[in-house]
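In this text, residue positions in the sequence shown follow our numbering: the first is 353, and each later residue adds one.
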Amino acid sequence: MNYDRLIKFTNKVAIFATIALFYWVFIFLIITTFDLKIFREHITEIFYLSILAIFAILSGAIVLNVMSNLSKISSAISEGRGSNTPIKKLSRKTMIAIGVSFLLVCGILFAGNWLSAEKKKNMLISSAKSLVSENHTQLAILANYQFSKEYVKKAENTLTVIKKIDKYFPEVVLIVPDVVENKKVFLGFGGHEYREKDEEIEKHMFIYSASIEERLYLEKVFTGQENNYKFSYSKGNYELYFPALLDGKRVVLYFSDYQRYGKFGS
Numbered sequence: 353m354n355y356d357r358l359i360k361f362t363n364k365v366a367i368f369a370t371i372a373l374f375y376w377v378f379i380f381l382i383i384t385t386f387d388l389k390i391f392r393e394h395i396t397e398i399f400y401l402s403i404l405a406i407f408a409i410l411s412g413a414i415v416l417n418v419m420s421n422l423s424k425i426s427s428a429i430s431e432g433r434g435s436n437t438p439i440k441k442l443s444r445k446t447m448i449a450i451g452v453s454f455l456l457v458c459g460i461l462f463a464g465n466w467l468s469a470e471k472k473k474n475m476l477i478s479s480a481k482s483l484v485s486e487n488h489t490q491l492a493i494l495a496n497y498q499f500s501k502e503y504v505k506k507a508e509n510t511l512t513v514i515k516k517i518d519k520y521f522p523e524v525v526l527i528v529p530d531v532v533e534n535k536k537v538f539l540g541f542g543g544h545e546y547r548e549k550d551e552e553i554e555k556h557m558f559i560y561s562a563s564i565e566e567r568l569y570l571e572k573v574f575t576g577q578e579n580n581y582k583f584s585y586s587k588g589n590y591e592l593y594f595p596a597l598l599d600g601k602r603v604v605l606y607f608s609d610y611q612r613y614g615k616f617g618s
C-alpha cells in the first residue's frame, strides 16, 4: 500500500478543512459581533450546520493521516529505514494573501448586510406607497384629526384591518401632532387594538415616544419643512417614517419590522 500518497492526500484535506474552519469562525464572529443580516433563514441555517461537515472532514483526515503515519513508521522500523519529510514554511506573500483575504471577506459581509438593508428599505417604501394608494379614503378620514373616543376607535380599527389583510405586512402606526399639558407631542395610533371596554381614553395613553432626532424630523414634516421619508436600521430592526399628504392634511406613517435574517438566498 502506498502510504506516502495517502499521507499527502490526508495532509491536504486536513489543511483545507482547517483553513475552512478558520474562515468559518471568522465569518461567524463578524456576523455575531456586528449583528449583520445578510442571507435568508434557509441559507443562514445551512451556514451554521456546515461546521459539522467541516469537523467531520477534518476529523476523518486526521484519523487517516495518523493511521497512515503509524503504518509507515512500523514498516520503516521493520525494514530498518525511515524517511524525513521537510517541513514547508509559509512564504511572506502567502501570509499577506491570507491577511488580505480575511479583510476581503469582512468587506463582503458588511456589503451584504448593507445590500440586504437596502432591499428591506425598498420593500417598506413599496408597502407604504401601496397602503396610501389602496386606502386613501380611510386614511384621509384619519388625517382629519380631532382627538375623541370615536377617532381612536376608527384609527385603531382601520389600521388593524389593513395590517391583517397581508400577514407579511409590517407594523404600522399613524402619527399626528398634538398638545398635552402645554407640551408639543406626537400621538401614535395603531399600536394596539381598540377595546370597547376602554371607557377612559386620554391623550397621554397614545403619546408616541421618539428620540430627539426623530422628534426634530417629525416637527419638520408637520411644519412643511420636510417631505422625504426617513429610514433607519440596526441589529435587524428596520424603521421607516413615511410622510403623506391626504386632502391637504399631513400625517406620518411609521413602519417597523424585525428580521432575524437577511434578504439574500432562498
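Cβ atoms here follow ideal geometry from the backbone N, Cα and C, with glycine treated the same way. This structure is a prediction, so every number in the text was calculated from the model and none was measured.
Mind checking which residues open and close the alpha helix (DSSP H) that includes residue i?
i: Gly451; result: 444-486
Give the DSSP-derived three-state secondary structure of residue i in the structure shown.
i: Ala562; result: coil
i: Glu397; result: helix
i: Glu554; result: coil
i: Ile527; result: strand
i: Phe348; result: Within the shown structure, residues of the chain are numbered from 353 to 618, placing residue 348 beyond reach of any answer.
i: Tyr581; result: coil
i: Tyr375; result: helix
i: Tyr306; result: Lying outside 353 to 618, the shown extent of the chain, residue 306 is not represented and no answer is given.
i: Lys572; result: helix
Could you tell me the boundaries of the beta strand (DSSP E) in which residue i lies?
i: Leu597; result: 589-598
i: Glu502; result: Note, Glu502: premise wrong, no beta strand (DSSP E); alpha helix (DSSP H) at 501-517.
i: Lys389; result: Element bounds for Lys389: n/a, residue is neither H nor E.
i: Gly540; result: 535-541
Could you check which residue in the options has the C-alpha nearest to that of residue i?
i: Leu455; options: Leu483, His488, Ile382; result: Ile382
i: Val525; options: Thr385, Tyr375, Leu605, Gly412; result: Leu605
i: Pro529; options: Tyr560, Lys505, Leu476; result: Tyr560
i: Met419; options: Glu397, Asn363, Ile406, Phe380; result: Asn363
i: Tyr585; options: Ser478, Arg567, Phe386; result: Phe386
i: Gln498; options: Val531, Thr489, Cys458, Met475; result: Val531
i: Phe407; options: Val537, Ala369, Lys555; result: Ala369
i: Leu388; options: Tyr375, Ala463, Leu401, Ile414; result: Ala463
i: Tyr569; options: Val603, Ile460, Lys505, Ile514; result: Val603
i: Asp609; options: Ile414, Ile403, Lys472; result: Lys472
i: Glu566; options: Phe583, Met447, Leu483, Asn509; result: Phe583
i: Ser402; options: Phe378, Thr384, Leu373; result: Leu373
i: Val537; options: Val513, Ile517, Ser485, Ile564; result: Ile564
i: Thr489; options: Ser478, Ile514, Lys535; result: Ile514
Take the Cβ of residue i as the centre, count every other Cβ of all protein chains shown within 10 Å, and call the residue buried at 16 or more, exposed below.
i: Lys501; result: exposed
i: Ala449; result: exposed
i: Gly542; result: buried
i: Glu591; result: buried
i: Asn589; result: exposed
i: Ser443; result: exposed
i: Ser468; result: buried
i: Val573; result: buried
i: Asn465; result: buried
i: Ala507; result: buried
i: Asp599; result: exposed
i: Leu404; result: exposed
i: Ile527; result: buried
Give every residue of the same chain whose Cβ lies closer than 6 Å to the Cβ of residue i, excluding the five residues on either side of it in the sequence, and list them in chain order.
i: Phe594; result: Ala480, Tyr581, Leu605
i: Leu416; result: Thr362
i: Phe399; result: none
i: Leu476; result: Leu592, Phe607
Which same chain residues, not among the five before or five after residue i, have their C-beta less than 7 Å away from its C-beta?
i: Asn579; result: Pro595
i: Lys555; result: Phe499, Asp530, Val532, Leu539
i: Ala413; result: Thr362, Val365, Ala366, Ala369
i: Ile553; result: Lys501, Val504
i: Ala495; result: Leu598, Asp599, Lys601, Val603
Tell me whether residue i counts as near the ligand ATP, meaning its Cβ is closer than 7 Å to at least one heavy atom of that ligand.
i: Lys516; result: As for the ligand ATP, it is missing from this structure, which has no ligand bound.
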